[in-house]
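Participant: The structure under discussion is supplied below as structure tokens; questions concerning it will follow.
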Amino acid sequence: MKTLGVLLSTVAAPLRRWNVRLLVWLLVAFVVLVGSYSAIFHELMALEGRAFTWTTSVYWTLTVMSTLGFGDITFESDLGRAFSMLVLLSGASFILVVLPFAFIQFVFTPWMQARESARAPRQVDGETSGHVVLTNHDAVTDALIDRAKQANLPYVLLVADLDEALRLHDQGYEVMRGELDDPDTYRRARVEHASLVATTRSDTANTNIAFTVRERSADVPIVATANSSASVDILELAGCDQVLQLGDLLGRAVARRVVGGDARTHVVGEFGQLRIAEASVAGTDLVGRCVRQLDLRGRFGLNALGVWRSGDFERTRADTELRDRDVLILAGTDDRLAAYDEVYAVEARKEHPVLILGGGRVGRAAGRTLDDVGMPWRIVEQQPERIRDEEHYVLGDAAELEVLERAGLHDAAAVLVTTHEDDINVYLTLYVRRLRPEVQIIARAAHDRNVSTLHRAGADAVLSYASIGATALWNAIGDERRLVVAEGLEVFQIPIPDAMVGRSLTDIGLGERTGCDVLAIERHGIVAAPDPNQPLPADADLIVIGDEEAERAFLDRFPVPERNSNGGRRRRARTSDRP
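Numbering (our numbering), first residue to last: 107 to 685.
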């Protein structure tokens with residue numbers, strides 16, 4: 107019955123009326139043809155002195171036209187036999203060619219298209235809310251979708267093309283068909299109930315999308331990416347709440363990984379008053395010491411969340427020994443980070459330049475970041491139009507030894523591989539590692555799947571464009587009580603559970619029991635590093651760090667209350683704590 111309904115709706119659709127009229131005209135022509143041949147049959151049989159009923163006339167016409175030709179009724183004259191051949195040829199052409207073609211073209215094919223189209227929904231469920239609306243499928247949004255799935259956060263991917271929508275639907279994506287410049291698309295996507303609209307298309311397309319979304323909702327947060335810095339203001343005028351230049355973000359992150367920088371803290375995320383910062387260990391007396399000896403919490407009120415080591419994030423323990431190429435991840439307030447900088451910040455090493463392979467947005471952003479800390483740099487670029495000056499740029503193919511030598515590879519303090527093609531980055535990483543086995547190599551990956559390949563090729567650290575972009579979009583969702591620090595690692599803020607009130611963190615043993623660590627306590631807007639031996643108050647929030655499994659263990663063991671509008675505390679289900 108469902109299939110019949112689809113067929114009937116297809117035939118009755120306004121867009122198919124012309125097809126239906128043509129099919130009706132063909133059927134009328136067939137009826138006229140059968141009637142005419144039956145009448146001529148009567149006349150020719152009368153000439154031969156025989157008479158048949160009209161039923162027999164129609165019977166003879168249909169059997170001859172369909173090529174069945176039972177032979178029970180035949181002409182005896184040449185004229186009659188010639189007429190039989192005319193009926194046979196014209197009937198076979200009409201019944202076996204014209205009618206089947208018309209049926210397939212105007213009924214069956216539209217019906218199949220309607221069935222295919224029905225597989226790609228044209229609106230979201232009427233109860234959907236708090237979802238993320240995406241307007242493009244690329245490496246960044248793919249990584250964002252993975253995070254949404256992990257957090258049980260609903261999302262919908264808007265796709266205009268039917269074939270693309272069906273392909274993504276068959277791959278398991280939550281797809282909705284609709285033109286991206288049509289306000290009705292966003293009505294059907296319930297954009298006014300969404301937690302975020304994220305658009306990562308071209309700057310012009312993002313501008314149009316932002317304008318269109320604002321026609322439907324004035325309040326929904328809109329985050330867009332921008333390829334050009336000149337587009338930032340335009341996108342904000344169009345209605346975007348936040349505009350991300352992912353190339354610049356990645357370029358700065360790549361440059362911060364360079365060993366031999368100033369070892370200052372660089373803020374990479376904010377959580378209210380709490381700052382998440384990176385600091386290079388190289389060039390400081392932190393090298394060779396374990397976290398316990400540093401006593402960062404006691405001396406500065408900082409928490410060491412972990413270290414970036416060979417491109418991987420590792421949680422720090424009391425006995426973790428810091429190495430020369432480690433990058434510390436710290437959590438604390440601005441004044442605490444400033445106190446750390448007074449002790450450990452060093453002058454950047456300026457003897458040798460950092461070599462950047464690729465002069466695109468990421469490479470140029472890395473160069474500007476190195477400039478800020480006073481480190482010399484040089485870019486190897488193959489496209490002449492990207493050459494800015496002769497001091498910092500070398501024209502040529504980075505895969506050629508002569509070009510690398512001219513750029514100063516053998517004296518380089520580090521090599522940043524920043525082209526937008528993963529295949530090229532793997533090749534250049536392997537090539538540079540063979541030429542300079544001891545040099546630090548930091549590579550960019552366009553797709554997360556190539557991170558491990560670049561590590562095997564010899565990169566000391568690999569930063570994924572998709573992962574950094576997804577993190578920036580995820581942190582823009584508007585949940586001020588949650589921040590993604592690294593892949594699978596989040597900081598979240600929750601009211602202190604009733605089971606923990608009046609007990610100290612030492613007594614609770616939170617890390618051993620759940621895998622989560624308490625970074626700070628927020629009370630009346632003041633963030634402070636917690637004293638592990640002091641009882642926890644009832645009217646405060648914990649700022650906690652942990653991966654998904656640790657967070658689940660925390661919330662299962664310590665159900666979290668939620669404050670109501672009157673300042674009281676009511677029980678909150680664990681699943682509602684997800685963003």
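Even for Gly, the Cβ is constructed at its ideal location relative to N, Cα and C.
Any chance the region 336-350 sits against the region 593-609, with 3 or more Cβ pairs inside 8 angstroms?
Facilitator: Judged by Cβ distances under 8 angstroms, the region 336-350 makes no contact with the region 593-609, as fewer than three pairs qualify.
Participant: In whole angstroms, what is the alpha-carbon distance linking residue 373 and residue 578?
Facilitator: The count along the sequence shown starts at 1 and reaches residue 373 at position 267. The count along the sequence shown starts at 1 and reaches residue 578 at position 472. It is roughly 14 angstroms from the alpha-carbon of residue 373 to the alpha-carbon of residue 578.
Participant: Would residue 425 pass as a contact of residue 396 if the rule is Cβ separation under 8 angstroms?
Facilitator: To locate residue 425, count along the sequence shown from 1; it is residue 319. To locate residue 396, count along the sequence shown from 1; it is residue 290. For residue 425 and residue 396, yes; Cβs fall inside 8 angstroms.
Participant: Going by beta carbon distance, what residues of the same chain come within less than 6 angstroms of residue 525, once the five residues before and after it are set aside?
Facilitator: Within the sequence shown, numbered from 1, the residue matching residue 525 stands at position 419. Cβ neighbours of residue 525 beyond the five flanking positions: 464, 531.
Participant: Going by alpha carbons, who is nearest to residue 643 out of 628, 655, 244?
Facilitator: Working through the sequence shown from its first residue, we reach residue 643 at position 537. Comparing Cα positions, the closest option is 628.
Participant: Between residue 313 and residue 228, what straight-line distance do the alpha-carbon atoms span, to the nearest angstrom?
Facilitator: For this step, residue 313 is matched to residue 207 along the sequence shown. For this step, residue 228 is matched to residue 122 along the sequence shown. So the two alpha carbons sit approximately 23 angstroms from each other.
Participant: For the 8 angstroms Cβ check, are there 3 or more pairs between the region 130-145 and the region 188-202?
Facilitator: yes
Participant: From the DSSP output, which residues share a beta bridge with residue 409?
Facilitator: Counted from its first residue, the sequence shown places residue 409 at position 303. Note: residue 409 sits in a beta bridge opposite 437.
Participant: Over what stretch of residues does the beta strand (DSSP E) that includes residue 210 continue unbroken?
Facilitator: Mapped onto the sequence shown, residue 210 falls at position 104. Residue 210 -> no beta strand (DSSP E), and no H or E assigned at all.
Participant: Where does residue 513 fall in DSSP's three states?
Facilitator: As a working note, residue 513 is residue 407 in the sequence shown. The DSSP-derived three-state label of residue 513 is helix.
Participant: Is there contact here, the region 271-284 with the region 204-216, by at least three beta-carbon pairs under 8 angstroms?
Facilitator: These segments do not touch.
Participant: In terms of alpha-carbon separation, which member of 282, 258, 278 lies closest to residue 268?
Facilitator: Indexing the sequence shown from 1 puts residue 268 at position 162. Just measuring C-alpha positions, the residue of 282, 258, 278 sitting nearest residue 268 is 282.
Participant: Taking all protein chains shown into account, do 16 or more other C-beta atoms lie within 10 angstroms of the C-beta of residue 334, making it buried, or fewer, making it exposed?
Facilitator: Residue numbering aside, residue 334 sits at position 228 when the sequence shown is read from its first letter. With fewer than 16 other Cβ atoms within 10 Å, it is exposed.
Participant: Which residues in the same chain as residue 605 place their Cβ atom closer than 7 angstroms to its Cβ, once the five residues preceding and following it in sequence are excluded?
Facilitator: Working through the sequence shown from its first residue, we reach residue 605 at position 499. Taken in chain order, the residues that qualify are 664.
Participant: If you run the structure through DSSP and keep just helix, strand and coil, what is residue 498?
Facilitator: Taking the sequence shown and counting its residues from 1, one reaches residue 498 at position 392. Correct three-state label for residue 498: coil.
Participant: Compute the Euclidean distance between the alpha carbons of residue 154 and residue 128, then round it to the nearest angstrom.
Facilitator: Walking along the sequence shown from the start, residue 154 turns up at place 48. Walking along the sequence shown from the start, residue 128 turns up at place 22. Taking the straight line joining both Cα atoms gives about 39 angstroms.
Participant: Once DSSP output is grouped into helix, strand and coil, what is the label at residue 200?
Facilitator: Position 94 of the sequence shown, counted from the first residue, corresponds to residue 200. Residue state, collapsed to three classes: helix.
Participant: What whole-angstrom Cβ distance do residue 484 and residue 513 have, given they're in contact under 8 angstroms?
Facilitator: Here residue 484 corresponds to residue number 378 of the sequence shown, with the count starting at 1. Here residue 513 corresponds to residue number 407 of the sequence shown, with the count starting at 1. Yes, residue 484 and residue 513 are in contact; Cβ-Cβ is about 6 angstroms, under 8 angstroms.
Participant: For residue 618, report the span of its alpha helix (DSSP H) as first-last.
Facilitator: What you label residue 618 is simply residue 512 of the sequence shown in a count that begins at 1. Segment 616-620, the alpha helix (DSSP H) holding residue 618.
Participant: Straight-line CA distance for residue 403 to residue 409?
Facilitator: One-based indexing of the sequence shown puts residue 403 at position 297. One-based indexing of the sequence shown puts residue 409 at position 303. Note on geometry: alpha-carbon atoms of residue 403 and residue 409 lie some 6 angstroms from one another.
Participant: Quick check: what's the CA-CA separation for residue 327 versus residue 237?
Facilitator: Stepping through the sequence shown from its first residue, residue 327 is reached at position 221. Stepping through the sequence shown from its first residue, residue 237 is reached at position 131. One C-alpha to the other measures close to 12 angstroms.
Participant: Would you kindly work out how many angstroms separate the C-alpha atoms of residue 299 and residue 317, rounded to a whole number?
Facilitator: Working through the sequence shown from its first residue, we reach residue 299 at position 193. Working through the sequence shown from its first residue, we reach residue 317 at position 211. The alpha-carbon atoms of residue 299 and residue 317 are separated by roughly 17 angstroms.
Participant: Quick one: grab the DSSP three-state call for residue 419.
Facilitator: As a working note, residue 419 is residue 313 in the sequence shown. Strand.
Participant: Between the region 286-304 and the region 239-250, do at least 3 Cβ pairs fall closer than 8 angstroms?
Facilitator: yes
Participant: Hey, could you find the ends of the beta strand (DSSP E) residue 548 is sitting in?
Facilitator: Locating residue 548 in the sequence shown gives position 442, where the first residue counts as 1. Counting along the chain, the beta strand (DSSP E) containing residue 548 begins and ends at 546-551.
Participant: Determine the contact status of residue 567 and residue 552, defining contact as a CB-CB distance below 8 angstroms.
Facilitator: In the sequence shown, the residue the question calls residue 567 occupies position 461. In the sequence shown, the residue the question calls residue 552 occupies position 446. In this structure, residue 552 does not lie closer than 8 angstroms to residue 567 by Cβ.
Participant: Is it buried or exposed for residue 619, if we count other Cβ within 10 angstroms and need 16 for buried?
Facilitator: Taking the sequence shown and counting its residues from 1, one reaches residue 619 at position 513. With fewer than 16 Cβ atoms within 10 Å of its Cβ, residue 619 is classed as exposed.
Participant: Quick one: Cα of residue 407 to Cα of residue 607, how far?
Facilitator: Translated into the one-based positions of the sequence shown, residue 407 becomes position 301. Translated into the one-based positions of the sequence shown, residue 607 becomes position 501. Taking the straight line joining both Cα atoms gives about 22 angstroms.
Participant: Keeping to the same chain, check which residues put their C-beta closer than 6 angstroms to that of residue 623; ignore five residues upstream and five downstream.
Facilitator: The residue you call residue 623 lines up with position 517 of the sequence shown. Here the set comprises 617, 651.
Participant: Quick one: is the Cβ of residue 213 within less than 7 angstroms of any heavy atom of the ligand GTP?
Facilitator: Annotation note on the ligand GTP: not contained in the displayed structure, which lists no ligands.
Participant: Name, in chain order, the residues that DSSP records as bridge partners for residue 99.
Facilitator: The question about residue 99 has no answer, for the chain in this structure spans 107 to 685.
Participant: DSSP three-state call for residue 481: helix, strand or coil?
Facilitator: By 1-based counting over the sequence shown, the position of residue 481 is 375. Of the three classes helix, strand and coil, the one that applies to residue 481 here is coil, per DSSP.
Participant: Grouping DSSP H, G and I as helix and E and B as strand, with all else coil, what is residue 86?
Facilitator: The requested residue 86 does not occur in the structure, where the chain is confined to residues 107 to 685.
Participant: Taking its Cβ as the centre, do 16 or more other Cβ atoms sit within 10 Å of residue 545, making it buried, or is it exposed?
Facilitator: Mapped onto the sequence shown, residue 545 falls at position 439. By the neighbour-count rule (16 or more Cβ atoms within 10 Å), residue 545 is buried.
Participant: Does the beta-carbon of residue 243 have 16 or more other beta-carbons within 10 angstroms, so that it is buried, or is it exposed?
Facilitator: On the sequence shown, position 137 is the one that residue 243 refers to. Buried, by the Cβ-count rule.
Participant: Less than 8 angstroms separating the beta-carbons of residue 362 and residue 471?
Facilitator: Position 256 of the sequence shown holds residue 362. Position 365 of the sequence shown holds residue 471. Contact: no.
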